[in-house]
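Residue numbers (the working numbering): 30 to 119. Notes follow the structure.
Printed below as a string of structure tokens:
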């Protein structure tokens, strides 16, 4: 399945470590990244997608997926914003 949370032990690790936010990176913005974002939201996580850390085969579906996801599901942020978020935790 395309979601990183579907039938994997990722959910157990997130619960064990008390995570409430998941940062999604990787290939296939319109496939695996989107599926993981939706699956994570169903499980109650805040989902973040750093826009420069996901990709797709062609630019058009990539940017269309980012736009669509940002309007519906996760926070699509610049990498600098995500890094600033983590720095603020320490």
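Where is the CB? At the ideal position from N, CA and C, for every residue including glycine. Model, not experiment: these values are computed from the prediction.
The C-alpha of residue 88 lies about 14 Å from the C-alpha of residue 97. The beta carbon of residue 95 lies closer than 8 Å to those of 58, 78, 80, 83, 105 in the same chain, with the five residues before and after it left out. In the three-state scheme derived from DSSP, where H, G and I count as helix and E and B as strand, residue 76 is classed as strand.
Note on geometry: alpha-carbon atoms of residue 93 and residue 99 lie some 10 Å from one another. Note on residue 85: 16 or more other CB atoms within 10 angstroms of its CB, so buried under the neighbour-count rule.
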